[in-house]
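Right, one structure below, let's go through it.
The structure is reproduced here in structure tokens:
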């Protein structure tokens, strides 16, 4: 079962909102927070996870030659 998507919003006095999205990667993450960004209330700082697409790994298969 996959992890649920979580959004953490932190507000500090005099600073833009800090919005963190967990259990999402890539453009889907920025699409989710786009409304806040369009309002100009957030500051974008992409984490390493944004760029790391999952690599599908298949189990090894023996081919008897």
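In full-length UniProt numbering, the protein residues as written are 1 to 65. Where a beta carbon is used, it is the ideal one built from N, C-alpha and C, also for glycine. Quantities reported herein were computed from a predicted structural model and do not represent experimental measurements.
Considering only the alpha carbon of each residue, which of 9, 62 and 40 lies closest to residue 20? 9
Could you tell me whether the Cβ atoms of residue 23 and residue 5 are closer together than 7 Å? yes
Strictly by DSSP, which residues pair up with residue 8? 20
Proximal residues to residue 1 (C-beta, below 7 Å), its chain only, five neighbours per side dropped: With a pLDDT of 49 at residue 1, under the threshold of 50, the modelled position of that residue is not reliable, and the figure given next carries that caveat. The answer is none, since no qualifying residue turns up.
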